[in-house]
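A short worksheet on the structure shown next.
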């Protein structure tokens, strides 16, 4: 394609780039550099989780028995479905399917993202009612795990709330980014020639999905067979 | 501008179903007592699911090799962080868990 494409699209090939293709690759690589630092940010949490889980294995087992696998599984399905709708939004942009189609998939992604957050709110409320918020109101008494004391149980719930809370914060930001993308599509800034913003927003959304793919088994599942 | 690879719809739906099967497997495996293998099995399923998302939904399979290198480097540095932290924590010879006095009721918050 010519360096000086017709109309609005030429605006998106900034002067510091050789070509639109180079600009696209630079943006993708930049997003991946950000995702690599996100991997290490969440990696620090996973690292601390590993150390404390191995130290207080019983408390972490007991704690995971108080998380609801039904809600956890539902949220996993919802989030994977949202990754599919996100991929479809990018594909609609790539194939010039029209702004309606792109916005439709983006709205589907937002609805699924909000469903995830709603389920999380239900779970957090339940923890509040069971006095499992790790503050001065925290209460721990589980006859099934008589050896588990309050301190280590509190550590488990601190990890649960920090890890799922940071993940939920990323989801909220992701929903904001999707709204921004809808605005961009409505302004006709997205086309098959220039869909970089949707593509790299998708990278972010899929990354947040991947974090949950690890959080779900580590928090809800691996202690359950005891 | 060279053509961006448009992933066939069939691939996206196949990956979605593979991820669903992975979810069912990981939930099912959680209720089977495999001794010390429960955690590795859960992590392997999660790694396979994450790889599918990275390769297909995040288009790394169809992108420039440099993108793949960035993705791998993220997990490589994560491995360094985990390995060096663990070799510290599990070679200190504490004998027992570190003290938790500071976490007793009402000690903070």
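Chains as they are written, first to last, in this note's numbering: chain A, 1 to 226; chain B, 1001 to 1109.
Built from N, CA and C at the ideal position, the CB exists for glycine as well.
Alpha carbon of residue i to alpha carbon of residue j, nearest angstrom
i                      : j                     : result
residue 9 (chain A)    : residue 188 (chain A) : Note on residue 9 (chain A): pLDDT 47, under 50, position unreliable in the model; the coordinate value appears next. So the two alpha carbons sit approximately 10 Å from each other.
residue 227 (chain A)  : residue 139 (chain A) : As shown, chain A starts at 1 and ends at 226. That puts residue 227 (chain A) outside it, with no answer to give.
residue 81 (chain A)   : residue 149 (chain A) : 39 Å
residue 3 (chain A)    : residue 193 (chain A) : Per-residue confidence for residue 3 (chain A) stands at a pLDDT of 43, beneath the threshold of 50, marking its modelled position as unreliable; the derived number appears in the next sentence. Taking the straight line joining both Cα atoms gives about 12 Å.
residue 118 (chain A)  : residue 97 (chain A)  : 31 Å
residue 141 (chain A)  : residue 223 (chain A) : 18 Å
residue 164 (chain A)  : residue 225 (chain A) : 22 Å
residue 61 (chain A)   : residue 159 (chain A) : 13 Å
residue 100 (chain A)  : residue 92 (chain A)  : 10 Å
residue 1090 (chain B) : residue 121 (chain A) : 37 Å
residue 1010 (chain B) : residue 88 (chain A)  : 12 Å
residue 106 (chain A)  : residue 14 (chain A)  : 26 Å
residue 1043 (chain B) : residue 217 (chain A) : 8 Å
residue 1112 (chain B) : residue 197 (chain A) : Since the displayed chain B opens at 1001 and closes at 1109, residue 1112 (chain B) lies outside it and no answer follows.
residue 1110 (chain B) : residue 73 (chain A)  : Outside the displayed span of chain B (1001 to 1109) sits residue 1110 (chain B), for which this structure offers no information.
residue 1032 (chain B) : residue 54 (chain A)  : 20 Å
Minimum C-alpha distance to residue i - residue among the options
i                      : options                           : result
residue 213 (chain A)  : A:142, A:78, A:99 and A:226       : A:78
residue 1067 (chain B) : A:76, A:24 and A:164              : A:24
residue 36 (chain A)   : B:1077, B:1092, B:1017 and B:1009 : B:1077
residue 114 (chain A)  : A:218, A:73 and A:169             : A:169
residue 136 (chain A)  : A:120, A:157, A:144 and A:102     : A:157
residue 1054 (chain B) : B:1072, B:1008 and B:1020         : B:1072
residue 132 (chain A)  : A:179, A:155, A:85 and A:191      : A:155
residue 153 (chain A)  : A:16, A:22, A:64 and A:40         : A:64
residue 147 (chain A)  : A:22, A:40, A:56 and A:18         : A:56
Residue j beta carbon less than 8 Å from that of residue i
i                      : j                      : result
residue 171 (chain A)  : residue 116 (chain A)  : yes
residue 1026 (chain B) : residue 221 (chain A)  : yes
residue 211 (chain A)  : residue 174 (chain A)  : no
residue 76 (chain A)   : residue 1006 (chain B) : no
residue 112 (chain A)  : residue 85 (chain A)   : yes
residue 184 (chain A)  : residue 190 (chain A)  : yes
residue 1065 (chain B) : residue 1019 (chain B) : no
Where residue i sits in the DSSP three-state scheme
i                      : result
residue 1008 (chain B) : coil
residue 217 (chain A)  : helix
residue 123 (chain A)  : helix
residue 50 (chain A)   : helix
residue 231 (chain A)  : In this structure chain A extends from 1 to 226, so residue 231 (chain A) is not present and cannot be described.
residue 175 (chain A)  : helix
residue 158 (chain A)  : helix
residue 10 (chain A)   : With a pLDDT of only 49 at residue 10 (chain A), under 50, the local geometry of the prediction cannot be trusted, and no value is derived from it.
residue 56 (chain A)   : coil
Contact between the stretch 46 to 56 of chain A and the stretch 1081 to 1089 of chain B: three or more CB pairs below 8 Å? yes
Using 8 Å as the threshold, is the stretch 25 to 37 of chain A in touch with the stretch 197 to 205 of chain A, meaning 3 or more CB pairs across them? yes
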